[in-house]
Amino acid sequence: MKNAIILFVLGVIASQSIVQGAIPVKLEPKSGKVPTTQARYNHAVKKFNLDATIFAAHENESVGTIELKDNYFDVSYVGQMGIGTPPQTFTMDFDTGSSDIWVPLANCSTCRKDNSFDPEKSSTYQFQGFPWTLQYADGSTAKGFTAMDAITLGDLYSINQTIGLAENESGEFAQNTGLDGIFGLGFPALSYTGALYAPVVRMFKQGVIDEAVVGIWLGRASQGGGGELTIGGTNPEHYTSEPVFMQVTVKKYWQLTLSSVAINNKTIPYHGADSIIDTGTTLVILPMNITSAIYDEIPGAKYTNEEGYTIPCNLTSSNQTISFTLEKNTFPITVGDIVREPLGNGYCNAGIAGTNSSFTIIGDTFLKSYYAIFDYGVNTTARIGLAPSKR
Numbered sequence: 001m002k003n004a005i006i007l008f009v010l011g012v013i014a015s016q017s018i019v020q021g022a023i024p025v026k027l028e029p030k031s032g033k034v035p036t037t038q039a040r041y042n043h044a045v046k047k048f049n050l051d052a053t054i055f056a057a058h059e060n061e062s063v064g065t066i067e068l069k070d071n072y073f074d075v076s077y078v079g080q081m082g083i084g085t086p087p088q089t090f091t092m093d094f095d096t097g098s099s100d101i102w103v104p105l106a107n108c109s110t111c112r113k114d115n116s117f118d119p120e121k122s123s124t125y126q127f128q129g130f131p132w133t134l135q136y137a138d139g140s141t142a143k144g145f146t147a148m149d150a151i152t153l154g155d156l157y158s159i160n161q162t163i164g165l166a167e168n169e170s171g172e173f174a175q176n177t178g179l180d181g182i183f184g185l186g187f188p189a190l191s192y193t194g195a196l197y198a199p200v201v202r203m204f205k206q207g208v209i210d211e212a213v214v215g216i217w218l219g220r221a222s223q224g225g226g227g228e229l230t231i232g233g234t235n236p237e238h239y240t241s242e243p244v245f246m247q248v249t250v251k252k253y254w255q256l257t258l259s260s261v262a263i264n265n266k267t268i269p270y271h272g273a274d275s276i277i278d279t280g281t282t283l284v285i286l287p288m289n290i291t292s293a294i295y296d297e298i299p300g301a302k303y304t305n306e307e308g309y310t311i312p313c314n315l316t317s318s319n320q321t322i323s324f325t326l327e328k329n330t331f332p333i334t335v336g337d338i339v340r341e342p343l344g345n346g347y348c349n350a351g352i353a354g355t356n357s358s359f360t361i362i363g364d365t366f367l368k369s370y371y372a373i374f375d376y377g378v379n380t381t382a383r384i385g386l387a388p389s390k391r
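Listed below in structure tokens is the structure:
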């Protein structure tokens, strides 16, 4: 009989939180530094080549080791997987905004990662040799060749998965951020390794899982941190009502139409635009005019060229609502949900940022409030489901 689902725990960097009842993938606490809000904004701008000004002074800044008792912010969510036979373990970013699995090769001298893949130690390794390059707008690159090998996720074992092996990394990719690589949860149209199927879809076609579906719950640092990724189904214990499903507009990104934005039920004039639901982006990123209109309604909010938008830290208990209408369905979060790490003098970074692009990204600032279901629609239409998350 096929496995119905596989659950495994995601962790905030420096977290050792394990969700009860899940089949856990071991998390390693990270004592290194994690990016500031400004650095995470810069990452998104470069990843999606958005028209925006980089916060140059914060390009390489990080926050120190994250303590989960911190009430103000959540950082990158990571989990472990194995590649090869026997499995070589890697700490990965499970990213709906990309489509490939890639990790550093053992002989990569520019890859400043904790773990790298050694083909000679895997009995299931198959060399392919297809060259690939991933490049961000600032020139940061990761490049190498492809191979095929088995992957292990919790109790799931899938053979013949396309893996990108990085032989060289530069710029942002060459920094040791507590991540070894990326596990892409997007569609093959985004693939730079030439993969014919998304890894989850290949698992479905192999009969490893019953549904080509992924469910994601992101926890909050103030409530213990961590998170949970479910491959092959969902975990209803993490949401409070039936999910609302919406059809993906283009099978490339997990993309919907953002038709309106409101704060305190006051709709902001907006013509609507494509929007990506992206677990690999920390912030919600909107056109600058929409962002400005939101902060105009938040008491004490201010903007500087050095920090971007900041808001009073005492707004963590604010019940002011910011609502996003996706495909005619409205999903509110609170102003308290966008309060991030403290800067001093009672001010904190904020989780909504603006660019000069019409393209929008709905990242973890929003997804902490909603259980997200990504249905690949192998034989039907791809869709995204959202349901209020249990806190």
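The sequence shown begins at 1 in this note's numbering and counts up by one.
We treat Cβ as the ideally placed atom computed from N, Cα and C, and that holds for glycine.
All values reported here derive from a predicted model rather than from experimental measurement.
(request) Give the straight-line distance between the Cα atoms of P269 and Y347, rounded to the nearest whole angstrom. (result) If I take the Cα positions, the gap works out to 28 Å.
(request) Assign A22 to buried or exposed, taking buried as 16 or more other Cβ atoms, counted over all protein chains shown, within 10 Å of its Cβ. (result) Reliability of the predicted coordinates at A22 is poor, the pLDDT of 29 falling under 50, and the value obtained from them is presented with this limitation in mind. A22 is buried by the Cβ-count criterion.
(message) Let me check one thing: in DSSP terms, what residues is N329 bridge-paired to?
(response) L326
(request) Kindly indicate which three-state DSSP category R202 falls into: helix, strand or coil? (result) Shown here, R202 sits in a helix according to DSSP, grouped into three states.
(message) So the candidates are S259, V244, N314 and G232; which of them puts its Cα closest to the Cα of E341?
(response) N314
(message) One question on the structure: do I373 and T234 come within less than 9 Å of each other, judged by their Cβ atoms?
(response) A contact, by the Cβ cut-off of 9 Å.
(request) Closer than 6 Å by C-beta to A142: which residues in its own chain qualify, once you throw out the five before and the five after it? Chain order, please. (result) L134, A166, E169 and F173
(message) I'd like to confirm the pairing. Which residues does DSSP put opposite A142 in its beta bridges?
(response) Beta-bridge partners of A142 (DSSP): L134 and E169.
(message) Considering only their Cβ atoms, is the gap separating Q161 from P199 smaller than 9 Å?
(response) yes
(message) Closer than 8 Å is the cut-off here; do at least three beta carbon pairs connect the region 364 to 373 with the region 205 to 219?
(response) yes
(request) Could you name the residues that DSSP lists as bridge partners for L153? (result) DSSP lists L156 as partners of L153.
(message) Once the 5 residues before and after V378 are set aside, which same chain residues still bring their CB inside 7 Å of it?
(response) Around V378: V201, F204 and A212.
(request) Could you name the residues of the same chain whose beta carbon sits closer than 6 Å to that of Y192, not counting the 5 residues immediately before and after it, in chain order? (result) W132 and L134
(request) Output the boundary residues of the beta strand (DSSP E) element that contains L179. (result) Run containing L179: none; DSSP gives neither H nor E here.
(request) Find the nearest neighbour of M148 within the set G84, L258 and V335, judged by alpha-carbon distance. (result) G84
(message) Beta-carbon within less than 6 Å of Y371's beta-carbon, same chain only, minus the 5 sequence neighbours each way: which residues are those?
(response) W217, H238, Y239, A387 and S389.
(request) Give a yes or no on contact between the region 274 to 284 and the region 92 to 99, applying the rule of three or more CB pairs nearer than 8 Å. (result) yes
(request) Count the other CB atoms, across all protein chains shown, that sit within 10 Å of the CB of E120; report buried if there are 16 or more and exposed otherwise. (result) exposed
(request) Assuming A353 and L256 form a contact by the criterion Cβ under 8 Å, report the distance between their Cβ atoms to the nearest whole angstrom. (result) Incorrect: roughly 19 Å between the Cβ atoms, too far for contact.
(request) Check whether the Cβ atoms of G232 and I263 sit closer than 9 Å, and answer yes or no. (result) no
(message) The beta strand (DSSP E) that contains L218, what's its start and end?
(response) V213 to L218
(request) Could you name the residues that DSSP lists as bridge partners for T304? (result) G308
(request) Indicate the three-state DSSP secondary structure (helix, strand or coil) for T316 in the structure shown. (result) helix
(request) Compute the beta-carbon to beta-carbon distance between I151 and G82, rounded to the nearest angstrom, for a pair I have assumed lies under 8 Å. (result) A Cβ-Cβ distance of about 7 Å is found for the pair I151 and G82, placing them in contact under the 8 Å criterion.
(request) Find out if the Cβ-Cβ distance for the pair T321, P312 is shorter than 9 Å. (result) no
(request) Let me know the beta strand (DSSP E) ranges lying completely inside the region 243 to 273, each 3 residues or longer, listed in chain order. (result) With a minimum length of 3 residues, the unbroken runs of beta strand (DSSP E) contained wholly in the region 243 to 273 fall at 244 to 247, 255 to 263 and 266 to 268.
(request) Mind checking which residues open and close the alpha helix (DSSP H) that includes I290? (result) Run containing I290: M288 to D296, per the alpha helix (DSSP H) assignment.
(message) Between which residues of its own chain and T330 is the CB-CB distance below 6 Å, once the five residues before and five after are set aside?
(response) S323
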